[in-house]
Structures are given as C-alpha cells and as structure tokens.
Amino acid sequence: MARLVSLNVGMPKDVPWQGRTVHTGIFKYPVEGARMVRRLNVDGDGQGDLGGHGGENRAVLVYQRQSYEHWRRFLGRDDLEDGQFGENFTVDGLPDDEVHIGDRYRIGEAEFEVTQPRVTCFRVGMRLGEPRMPSLLVAHHRPGFYLRVITEGRVEAGDEIVRTRTGRHEMSVADIDALLYLPGRDSVALRKAVDIPALSPGWQGSFRDLLAAEPAPAPSGWRGFRPLRVARVVPESPAVSSIHLAADDGAPLPRPEPGQYLTLRVPGAGDPAPVRSYSLSAAPSDREYRISVKRDGVVSSYLQAKLTAGALVDVAAPRGDFVLAGDDRPVVLVSAGIGVTPVLAMLHALAARRTTREVWWLHTTRTAAEQAFAAEAHRLLASLPHGREHVHYTAESGRLTRETLSTLDLPPDATAYLCGPDAFMTAMREALVSLGFDASRVHSELFGGVSAINPGLTGVVRKTPHAPAGEAGTGPAVTFARSGLTVPWSEEYPSLLEFAEACDVPTRWSCRTGVCHTCVTPVLAGRVQYDPEPLEPPADGEALVCCARPREDVVLDL
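Rendered as structure tokens:
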C-alpha cells in the first residue's frame with residue numbers, strides 16, 4: 021500500500037542565484053498535522069512561476085522516497101531531505117514507471133488525478149546545487165508528477181494512498197515524459213497521448229505539434245559565410261538604400277522564403293568585423309537578393325557610403341521564421357519605417373503568385389518624403405484583384421491607433437504580419453486582437469535581438485549588449501549577430517548561455533541543461549561542443565546554448 025510520508029509546503033520568495041534574483045516556490049519543507057488541499061494548492065503553499073507551475077492541472081507535485089534513495093546513491097549525497105525536490109507530497113510507492121496519466125487516487129479526505137510529469141526546469145537544479153538535475157530527472161526516468169484536485173479535503177503524513185481509477189491507455193508518467201523530451205518518438209504513442217483526457221492541455225498541445233510537424237526540409241542555403249558581389253546600390257529615400265547582391269560567378273542563389281533575412285559580415289566597418297542582419301526586401305530573380313538598409317549606425321552608414329558595384333561582402337544564407345504562411349486566408353501586412361522590408365518581400369511573393377486573397381498593406385512613416393518603396397508597393401497592390409492599402413503619416417496624424425484600424429474594415433480571419441519598433445508591434449498586436457484577430461495568427465519580427473524569455477527572474481534591467489566585465493578572454497571569438505557584438509570566449513563561463521547573459525545579450529531558456537529546446541539558437545558559422553551532452557541534440561546548424569561552448573570562432577543568431 022502506497023503512503024503519504026511527508027506533506028511539504030512553502031510560499032514563493034526571491035532567492036539570489038548566479039548574480040540574479042529568482043522568484044520561486046521550489047523551497048518546500050515538511051509540516052506537521054493535516055492541511056486542506058484546495059483546487060489550486062495546499063493551504064500554506066504557493067508557486068512562483070505560474071507559467072510553468074501551479075494552476076488546476078499542476079496543483080500538487082508528488083515525488084517518491086524511492087527516487088530520493090536513487091539520487092542519494094547516484095549523487096553520493098546524504099543531505100537530501102523530504103521536500104527538497106520541490107514536491108508537496110513525498111510518498112512511499114507510486115513509481116513514475118507504474119503510475120499512469122489519468123490515474124485517480126484517494127489520499128485522506130481528498131481525491132486527485134494524475135495530469136502530467138514534472139516540468140523539468142532549472143529551479144530544481146538551483147535548489148539542490150546540482151545544475152545537471154533537470155536533465156538527470158528525464159534521463160533516469162524519475163521526473164515525479166503533478167495532480168489535479170478532484171475533491172478538496174484534508175490530508176496529512178501517514179495517510180494511505182488508494183487508486184480509485186486507472187487512466188486511459190495506461191501510459192505511465194515516465195513514458196509520457198520520455199515521449200516529449202527524448203528522441204526516437206513513436207507516432208502511435210503520440211496519438212495515444214493526445215487521447216488521454218486527463219493529460220494537461222499544455223502537454224496535449226506539445227504532442228499535437230509533434231504529430232503535425234513535417235520532416236525538416238534539407239537546408240537550401242550554405243554553411244557559414246560566402247562572398248556575394250554587389251550588383252548595384254539603389255537609393256530608395258533620403259535615408260534608405262537597397263543593395264542588390266549576386267553570386268560572384270553569376271550562378272543561381274537559393275530562393276529565400278518571403279520575410280527572411282541575410283546576415284552580413286563587414287570587415288571594412290570595424291575591427292573585429294561587425295556582423296549585422298538585414299531583411300530581404302525582395303529576391304528580384306533566382307540570381308539576385310535585395311536588402312534595404314536605413315542609415316542609422318556605423319555599419320549601415322558604411323554599407324551606404326562605401327559599397328559600390330563590384331564590391332564583395334561576406335553573407336550567411338537566408339534564414340528566419342518570420343515568413344509568409346502558405347494558407348488561403350486574407351493577409352494583413354503592417355509595418356513602420358524600415359520595418360517595411362520583410363513585409364514588402366511578402367507582398368512581392370503574393371503579387372508573383374497572382375493571389376486572389378484579400379491583401380491589406382498598412383504602413384506608417386513620418387512623412388511622404390521619407391517613405392521608401394511607396395510607388396513599388398502601390399504598383400504591387402494594384403496588380404492584385406483584392407489589394408488594399410493605408411499609409412499613415414505620423415507628422416500629420418500622430419501614431420497609428422486601434423481607433424484608426426477600427427475604421428478600415430479589416431478581415432478578422434486574416435493572418436497578420438507586423439514589423440517595426442517593439443512598442444509599435446506591441447500596440448498593433450493588442451489592437452488587432454481587440455478587433456477580433458486570432459492572437460495565434462498575428463506574427464511579428466524584431467529588428468535586433470530576440471525578446472528574452474527567462475522564467476522566474478525578477479528585477480531584470482535590459483542593457484545594451486557589451487563585453488563582459490573583468491579581464492578579456494583568450495578563447496575563440498563569439499559573435500552575437502543580432503546584437504552586433506563580437507567578444508573573445510572566456511573559460512570562466514560554463515556555457516554560451518552564461519557568456520551571453522554576462523554580455524547582456526537577450527537570451528531564451530527554460531531548463532538550462534539541455535532538456536528542452538527553448539534555448540536553441542541557429543549557428544551561422546563555426547562549431548560548438550557540449551558539456552553535458554543534450555538529451556536530444558539540435559538539428560545541424562543549430563546549438564543548444566545552455567550546454568554548448570565554442571570549439572572555434574562562432575557566429576550565433578542572438
């Protein structure tokens with residue numbers, strides 16, 4: 021008979037960690053006597069990051085005494101105590117490879133349903149002082165699991181645990197965990213998983229995405245950087261010029277997706293050679309790319325002033341996920357200033373296909389004299405049977421607002437593409453969603469670094485990327501392409517993720533130990549090595565920066 025051997029609670033608090041502050045509820049401690057278990061948690065307990073923990077489907081976390089014994093042996097530690105893995109219920113029995121998603125259990129006065137494995141985030145590693153712990157939980161098939169509260173009631177240590185129902189398909193917690201996090205997935209198992217009503221919506225959505233995912237296409241570009249020849253430079257407005265690029269031998273170039281960008285390495289603009297990314301505003305033919313550059317910095321000024329026909333520029337292959345979807349929905353293209361470039365490429369693609377879809381072009385700029393591509397966009401829209409345009413001049417009418425959009429009769433079933441400054445895209449996204457657009461079909465592109473995703477960190481102040489404090493490293497050069505920063509690697513840092521954070525380069529991560537792919541980053545050039553090895557290695561041309569280090573000079577899309 022399984023038994024509840026320790027009831028553990030703890031309220032969220034701010035904890036110093038690696039020079040940062042993390043708001044977390046991972047610190048749980050045993051309590052005496054009975055506690056009421058309610059729909060969202062145990063009395064006296066709370067969660068710090070509600071994006072990954074807590075809520076009805078993750079009200080109570082369970083971990084097993086038998087797993088504690090396993091980790092004591094594996095880690096050679098005798099200081100592991102009940103609650104230290106962040107669980108509310110420490111139990112004797114209920115192993116992860118025997119408990120099924122959807123199983124129901126009576127404990128004391130309450131009844132519970134198993135909803136999902138533990139979300140393996142960095143906090144458990146922080147709590148135990150063992151950064152490998154999130155990946156070890158998955159690799160050793162001992163994640164623990166969450167419960168939904170079916171019937172509220174009082175529980176206490178010593179209560180027996182009685183199974184009252186077995187989950188559909190009898191898929192164990194360990195099996196479900198491995199299905200999401202480990203390679204070698206089976207489509208039959210995925211279909212069973214999405215057919216378990218008790219499985220939490222987030223995990224069901226992840227499995228549906230895996231089922232729907234098509235095999236990754238073979239890369240159509242080239243590895244690293246290659247020289248392209250400047251075919252011509254064309255002024256588009258007082259501040260914007262287009263640079264047409266072709267292969268030096270005139271050979272065909274891989275066709276980009278409309279909305280993608282090129283990354284350029286420009287030796288003449290500085291030392292070390294700065295790296296910048298520019299959206300493709302068109303691909304005029306299969307032998308030519310066009311980027312359009314606004315003069316607002318050292319590199320863009322160099323490109324406009326110094327590049328002439330015949331010059332060679334080092335260029336990485338087209339890339340980027342902000343691309344035109346291949347569906348039949350209406351399209352709304354929204355841009356501000358130089359943000360026109362990727363959506364203009366989309367407009368070119370729609371015109372080339374002679375689409376019969378409804379296409380809206382919404383652009384905002386300061387004045388008509390400063391608008392780039394006005395005639396080109398108008399000509400493309402005029403070629404479409406259902407093309408509409410609205411150009412908004414801020415010097416005359418102020419900012420583009422929801423009220424303005426509400427007068428345009430935009431199709432709310434459209435897919436929208438936004439590009440411009442962060443504040444503009446945030447305002448436009450909110451406006452479109454409030455007008456009935458599906459938020460999942462409102463896509464946006466950033467000019468510079470990706471927006472940071474660092475769960476649980478508090479008081480984070482974003483700074484301009486810079487070389488890390490202290491003595492400069494002596495290792496390979498690490499270039500953060502979106503942030504425009506190149507610095508020598510220092511062995512002081514355990515991974516490229518920590519190095520990027522020391523440089524205040526925006527990063528995205530969840531586990532920090534190679535469990536999930538939140539921190540996957542394209543590698544434009546160079547090679548990396550791993551320590552520890554990720555549980556599921558990323559695709560060729562990508563790096564999992566939370567456990568990667570540079571093997572040679574490397575250029576990252578960060």
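Residue numbers (my numbering): 21 to 578.
C-beta atoms are modelled at their ideal positions from N, C-alpha and C, and glycine is treated no differently.
Quantities reported herein were computed from a predicted structural model and do not represent experimental measurements.
Taking a contact to require three or more Cβ pairs closer than 8 Å, the stretch 493-507 and the stretch 555-573 qualify as touching. Under DSSP, Ser-355 shares a beta bridge with His-383, Cys-439. Annotation for Arg-569: no alpha helix (DSSP H) segment contains it, though the beta strand (DSSP E) segment containing it runs 568-570. Nearest Cα to Gly-317 within the set Val-29, Pro-338, Ala-289: Ala-289. Going by beta carbons, Asp-123 and Arg-183 fall inside the 8 Å limit.
The beta-carbon separation of Leu-282 and Val-335, rounded to 5 Å, stays under the 8 Å limit for a contact. Here Ala-501 is not near Leu-420, since their CB atoms are 8 Å or more apart.
The DSSP-derived three-state label of Met-56 is strand. In this structure Val-254 is exposed. Its beta-carbon is surrounded by fewer than 16 other beta-carbon atoms within 10 angstroms. In this structure, the beta-carbon distance from Phe-165 to Pro-154 does not fall below 8 Å. Under the three-state reduction of DSSP, Val-507 is assigned to strand. Scanning its chain for C-beta atoms nearer than 8 Å, with the 5 sequence neighbours on each side dropped, one finds around Pro-294 the residues Arg-285, Val-286, Val-318, Val-319, Gly-504, Thr-506, in chain order. In the DSSP annotation of this structure, the continuous segment of the beta strand (DSSP E) that includes Ile-127 starts and ends at 124-127.
Comparing C-alpha distances from Pro-258 to each of Gly-244, Lys-314, Leu-300 shows the shortest one belongs to Lys-314. Burial of His-120 is indicated by the presence of at least 16 other C-beta atoms within 10 angstroms of its C-beta.
Between the C-alpha atoms of Ala-371 and Arg-310 there is a straight-line separation of about 17 Å.
Close CB contacts of Pro-163 within its chain, under the 8 Å cut and outside five residues either way in sequence, are with Asp-116, Pro-137, Arg-138, Thr-140, Leu-157, Val-193, Ala-194, Asp-197 (chain order). Put simply, of Ala-415, Ala-563, Glu-256, Val-144 the residue whose alpha carbon is nearest the alpha carbon of Val-42 is Val-144. Of the candidates Arg-126, Tyr-437, His-398, His-412, the residue whose Cα lies closest to the Cα of Pro-278 is Tyr-437. The three-state reading of DSSP puts Val-35 in strand, counting E and B together. For Thr-283, the enclosing beta strand (DSSP E) stretches over residues 281-285. If you draw a 10 Å sphere on the C-beta of Lys-48, you find 16 or more other C-beta atoms in it, and that means buried.
Following the DSSP letters along the chain, one finds Glu-465 inside the beta strand (DSSP E) bounded by residues 462-465.
Contact check between the stretch 83-98 and the stretch 51-65: fewer than three CB pairs, one atom from each, fall below 8 Å, which does not count as touching. Note that the C-beta distance between Pro-338 and Leu-364 is not below 8 Å.
Annotation for Ala-213: the continuous alpha helix (DSSP H) segment containing it runs 207-213.
Beyond the five residues adjoining it in sequence on each side, Ala-415 comes within less than 8 Å, by CB distance, of Arg-386, Thr-387 in the same chain, given in chain order. DSSP, read as helix, strand or coil, puts Ser-257 in coil. Straight-line measurement puts the Cα of Val-35 at about 34 Å from the Cα of Pro-441. Going by DSSP, Val-111 is part of the beta strand (DSSP E) stretching over 109-112. Annotation for Tyr-550: no alpha helix (DSSP H) segment contains it, though the beta strand (DSSP E) segment containing it runs 548-550. When the five nearest sequence neighbours on each side are left out, the beta carbons in the same chain lying within less than 7 Å of the beta carbon of Ala-492 are those of Pro-508, in order along the chain. Restricting attention to Ala-22, Ala-545, Pro-554, Asp-229, the CA atom closest to the CA of Val-214 is found in Asp-229. In this structure, DSSP gives Pro-272 a state outside helix and strand, which the three-state scheme calls coil.
Per the C-alpha coordinates, the member of Ile-46, Val-25, Thr-44, Phe-245 positioned closest to Arg-85 is Val-25. Relative to Ala-329, the option among Pro-405, Asp-268, Thr-171 whose CA is nearest is Asp-268.
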